[in-house]
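**Student:** Numbering (my numbering), first residue to last: 1 to 366.
We put the CB at the ideal spot given by N, CA and C, even for glycine.
Computed from a predicted model, the values in this text were never measured in an experiment.
What follows is a structure written as structure tokens; I'll ask about it next.
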Ligand SMILES: C[S@@+](CC[C@H](N)C(=O)[O-])C[C@H]1O[C@@H](n2cnc3c(N)ncnc32)[C@H](O)[C@@H]1O
């Protein structure tokens, strides 16, 4: 069972995901070049299938797809199927609205067709051997299943960040282990499903938020969220048990963990060729705005909107299902903004984007 219902909908994710756009931009040129290389061999009468996995409301996904279609069109007139996937609970209405914003097809009129596919990234999504190009951005860290394991003293398996110590807040290695195992198993299933779906020579770009030796993308975000929740617990407005039960089942991988199944699993290693792989610290637009204008209140507001877009669904599901839920959510996010304004250094945010460009080899899978 998926561990999130998706991002905050109604256009909220699209308006608060400039940071994710930067994280995917860091890797997209690899795939544009790779697509331009294979496009001359795409016959003009055979459809090309391209799939984005974890598209959310589509703002960032369409941007990437437009760039890839341009890369095809430089060399081939083949009809293009642009497929967008997300969990069935995603706001697909918004995605379709984006596809035809202002009454115009966002992907152009030159033989481009689009469709949406509800389902999990870790399962099969399309028929065998039909995809030429696949992408996934900022998605594979959301675990497919919540392990049967507790995190009583923090809200994320990764544990608190180094700048925000608080008495009683911690995650031990033993507590984290079931989440690491789940993340590794998810990734193997992802690569295996795509190995069946992609044609030999097909190109796949896998990018996700992650961690390097210095920073992890979770630092700051989950500290301020945890602090805001604990403030409510200490004020008697939220039960300690709700905090103890709350888990964001999200895993922030290092690059070696992203590549491990492609080296450690013989069948996957034969199915995929790793063309390029890197871990990059990417631009964070709200940090850059702060550096320019020094406006802490604006920075805190944008930071809160960014983290609310991907945390609200999981937090809402964990709160008591009563008449106070909406007010509690508002109060938690308002408290987050207050805390960011008061102690910006405690919640410093760095975006580590990890990615790999893969080619499907001719070896059958499995
Ligand atoms: C942070 S958003 C990324 C959206 C977009 N790709 C971007 O980079 O801006 C993560 C998306 O992954 C989706 N997601 C989470 N688990 C998923 C799964 N198992 N299969 C497909 N999508 C999933 C969420 O619903 C959400 O829309």
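Using a Cβ-Cβ cutoff of less than 6 Å, which residues in the same chain neighbour residue 87 once the five nearest sequence positions on both sides are dropped?
**Tutor:** For the purposes of this step, residue 87 is taken as residue 87 along the chain shown, with counting starting at 1. Within the same chain, residue 87 has close Cβ partners 2 and 6.
**Student:** Could you confirm whether any beta carbon from chain B is found closer than 9 Å to the beta carbon of residue 96?
**Tutor:** No chain B appears in the structure shown, which is made up of a single protein chain.
**Student:** Indicate whether the contact test is met: 3 or more Cβ pairs, each with one atom in the region 200-213 and one in the region 255-273, closer than 8 Å.
**Tutor:** Enough Cβ pairs lie closer than 8 Å, so yes.
**Student:** For the alpha helix (DSSP H) holding residue 73, just list the boundary residues, first then last.
**Tutor:** Here the question's residue 73 lines up with position 73 in the chain shown. Segment 59-73, the alpha helix (DSSP H) holding residue 73.
**Student:** Within a Cβ cutoff of 7 Å, which residues of the same chain sit near residue 154, ignoring the five residues on either side of it in sequence?
**Tutor:** Counting from 1 along the chain shown, the entry for residue 154 is found at position 154. Result list for residue 154: 160, 169, 170, 171 and 226, in chain order.
**Student:** Considering only DSSP beta bridges, list what residue 80 is partnered with.
**Tutor:** Within the chain shown, the letter at position 80 stands for residue 80. DSSP output for residue 80 lists 48 and 112 as bridge partner(s).
**Student:** With a floor of 4 residues, list each alpha helix (DSSP H) that falls wholly inside the region 255-328, ordered by position along the chain.
**Tutor:** Here the runs fully enclosed are 255-264, 266-271, 285-293 and 296-318.
**Student:** Looking at C-alpha atoms only, which residue of 13, 10 and 18 is the closest neighbour of residue 289?
**Tutor:** Counting from one through the chain shown, the residue named residue 289 turns up at place 289. Per the Cα distances, 18.
**Student:** Excluding the 5 residues flanking residue 126 on each side, which residues of the same chain have their C-beta closer than 8 Å to its C-beta?
**Tutor:** Sequence index remark: in the chain shown, residue 126 carries index 126 (1-based). The answer, listed in chain order, is 49, 51, 83, 117 and 197.
**Student:** Going along the chain, which unbroken runs of the beta strand (DSSP E) with 3 or more residues stay wholly within the region 80-161?
**Tutor:** If we require 3 residues or more, the beta strand (DSSP E) runs fully inside the region 80-161 come out as 80-86, 112-118 and 131-137.
**Student:** Output the distance between the C-alpha atoms of residue 130 and residue 202, rounded to the nearest integer angstrom.
**Tutor:** Counting from one through the chain shown, the residue named residue 130 turns up at place 130. Counting from one through the chain shown, the residue named residue 202 turns up at place 202. Going from the Cα of residue 130 to the Cα of residue 202 covers about 9 Å.
**Student:** Just verifying my parser: in three-state terms, what is the DSSP assignment at residue 240?
**Tutor:** For the purposes of this step, residue 240 is taken as residue 240 along the chain shown, with counting starting at 1. In this structure, residue 240 counts as helix in the three-state DSSP scheme.
**Student:** Is the beta carbon of residue 157 closer than 9 Å to that of residue 113?
**Tutor:** As a first step, residue 113 must be located in the chain shown, where it is residue number 113. As a first step, residue 157 must be located in the chain shown, where it is residue number 157. For residue 113 and residue 157, no; Cβs fall outside 9 Å.
**Student:** Three or more C-beta pairs closer than 8 Å, one from the region 320-327 and one from the region 180-192: is that the case here?
**Tutor:** Short answer: they don't touch.
**Student:** From residue 99 to residue 317, what distance separates their C-alpha atoms?
**Tutor:** The residue you call residue 99 lines up with position 99 of the chain shown. The residue you call residue 317 lines up with position 317 of the chain shown. Approximately 29 Å, taken between the alpha carbons.
**Student:** What do you get for residue 352, buried or exposed, if any count of 16 or more other CB atoms within 10 angstroms of its CB means buried?
**Tutor:** Along the chain shown, read from residue 1 onward, the residue named residue 352 stands at position 352. With 16 or more Cβ atoms within 10 Å of its Cβ, residue 352 is classed as buried.
**Student:** So what's residue 357 in DSSP terms, helix, strand or just coil?
**Tutor:** Counted from its first residue, the chain shown places residue 357 at position 357. Three-state DSSP puts residue 357 in a strand.
**Student:** Along the chain, where does the beta strand (DSSP E) that runs through residue 205 open and close?
**Tutor:** For this step, residue 205 is matched to residue 205 along the chain shown. Counting along the chain, the beta strand (DSSP E) containing residue 205 begins and ends at 198-209.
**Student:** Contact check, residue 362 vs residue 147 under 8 Å by CB: the rounded distance?
**Tutor:** Within the chain shown, numbered from 1, the residue matching residue 362 stands at position 362. Within the chain shown, numbered from 1, the residue matching residue 147 stands at position 147. That pair is no contact at about 36 Å.
**Student:** State buried or exposed for residue 309, treating a residue as buried only when at least 16 other CB atoms are found within 10 Å of its CB.
**Tutor:** As a working note, residue 309 is residue 309 in the chain shown. Classification for residue 309: buried.
**Student:** Please report the distance separating the alpha-carbon of residue 265 from that of residue 94.
**Tutor:** In the chain shown, residue 265 corresponds to position 265, counting from 1. In the chain shown, residue 94 corresponds to position 94, counting from 1. Approximately 38 Å between the Cα atoms of the pair.
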